[in-house]
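Read the structure below first, then the notes.
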Amino acid sequence: MLFGGELSAAERAVLDRALLATYRSAGITADPMSWTRPAPLLADLAAQLSAMAEQPAAELASRLDPYVHGSHRQLFSGPTTTRPSGHLVVFCLREIPEELRTASMLPALDAIWRTVAHSGAPRRRLVVVDEAWRLMHDGHGARFLFRMGKGARRYWAGLALVTQDEGDVLSSDLGRAIVSNAATQLLMRQAPQAIEKITAAFHLSRGERHPLLAAPRGCALLLSGRTKVSFTPVASEAEHALITTDQAELASGEDEDGDSDPYGLPELSGLQL
């Protein structure tokens, strides 16, 4: 995929030659001794494509132009400015425009997989994907989740998916495969229209499906192997302050100075892409 659609066989061949030539021009070859040199930029690839005589090269260069010289250049035209590191790393795509969502998501997924599988420092890790429907609706993202779900254990890592609609996961073969590989599932209140599919996918009895239809907010059914337990989590005041998204609570807790943090907690930050 290259910023705007799948590539044909001819375009893939031209792009492969252009990539090899771009890395050679930067002094990077198959020799591992050269891999510490600065990587070329997207602009270098676009220039290499523009210099090639083949017709697909000119079309590929024109598709890259908005990301090198146009309105999207601020995100893609320069080198990486921040290396993900630390105990907690967050890739937030919320502010990314929809037309750039896939192009922005792929570098984030690549960074996550490299950290988990190729960091050279084995340690326990947990990859949490909130609003998983965004990845499940994208072919590349769904395949990443499937690969992570299948291979995370080999690298001492876990994968947690969070979604509000079971259809986002259970409507595809990859989604159902991810669910079948999950050691633990946590089900919260379900709509009557979705309960039949949930019952079939998670092998629930009539007595187990009833709490899902009538459960108040916060109650859940925990599934782990053959163990199924209904429970209600109780958050402390500090935990509630961190996790609440109730706009009425947030608005009523504003102080006289207009501070939107009603609990006086320190600001939490993570890496934002």
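Letter 170 of the sequence shown, counting from 1, is numbered 170 in my numbering, and no numbers are missing. Backbone N, C-alpha and C fix where the C-beta goes; we use that ideal spot for every residue, glycine too. Since this is a predicted model, take the numbers as computed values, not measurements.
Quick check on the burial criterion: 16 or more other C-beta atoms within 10 angstroms. Buried or exposed for residue i?
| i | result |
| --- | --- |
| Y263 | Bear in mind that a pLDDT of 43 at Y263, under 50, signals an unreliable position, so the model cannot answer this. |
| E166 | buried |
| I243 | exposed |
| D16 | exposed |
| A9 | exposed |
| Q164 | exposed |
| W35 | exposed |
| G175 | buried |
| E256 | Here the model assigns E256 a pLDDT of 39, short of 50, so the residue's position is not dependable and the matter cannot be decided. |
| G86 | exposed |
| G218 | exposed |
| V162 | exposed |
| M148 | buried |
| V229 | exposed |
| P79 | exposed |
I think residue i touches residue j, with their Cβ atoms under 8 Å apart; what is that distance to the nearest whole Å?
| i | j | result |
| --- | --- | --- |
| M136 | S172 | 7 Å |
| R189 | T199 | Incorrect: roughly 14 Å between the Cβ atoms, too far for contact. |
| Q185 | L159 | So it is not a contact: roughly 12 Å between Cβ atoms. |
| P84 | T115 | 7 Å |
| V179 | A132 | Contact doesn't hold; Cβ gap of about 11 Å is too wide. |
| E11 | L64 | Actually they do not touch by this definition, with Cβ atoms about 12 Å apart. |
| L106 | S77 | Contact doesn't hold; Cβ gap of about 16 Å is too wide. |
| F146 | A177 | 6 Å |
Going by C-alpha distance, which of the options is nearest residue i?
| i | options | result |
| --- | --- | --- |
| A58 | H69, A46, R73 | A46 |
| V128 | H118, G139, A108 | A108 |
| G151 | S236, T82, K228, W113 | W113 |
| F231 | G225, A238, A220 | A220 |
| A26 | A18, P38, P32 | P38 |
| H118 | A214, P79, W156, S62 | W156 |
| A214 | P192, P233, V68 | P192 |
| Y23 | L7, E6, L49, L60 | L49 |
| D71 | V229, E99, F91, A201 | The residue you asked about is not Asp; residue 71 is Ser in the sequence shown. For the residues V229, E99, F91, A201, the minimum Cα distance to S71 belongs to E99. |
| R94 | Q74, D130, V68 | D130 |
| A21 | M52, E6, A201, V89 | M52 |
| L212 | R154, G225, K197 | K197 |
| D138 | R153, A121, R101 | R101 |
| A13 | V90, F202, Q55, G207 | Q55 |
| L204 | L88, L75, T227 | T227 |
Residues bridged to residue i by DSSP?
| i | result |
| --- | --- |
| T290 | There is simply no residue 290 to check, as the chain begins at 1 and stops at 273 in what is shown. |
| S306 | Any property of residue 306 remains undetermined from this structure, which presents the chain solely from 1 to 273. |
| R125 | A157 |
Whole beta strand (DSSP E) runs in the region 132-199 with 3 or more residues, listed along the chain?
Those beta strand (DSSP E) runs which fall completely within the region 132-199 and span 3+ residues are 157-161, 184-187.
What runs of the alpha helix (DSSP H), each 4 residues or longer, lie entirely inside the region 30-65?
For secondary structure counted as the alpha helix (DSSP H) over 4 or more consecutive residues, the region 30-65 holds these complete runs in sequence order: 42-51.
Could you give the uninterrupted runs of the beta strand (DSSP E) lying entirely in the region 63-108, keeping only those of 3 residues or more?
Segments of the beta strand (DSSP E) lying fully in the region 63-108: there are none.
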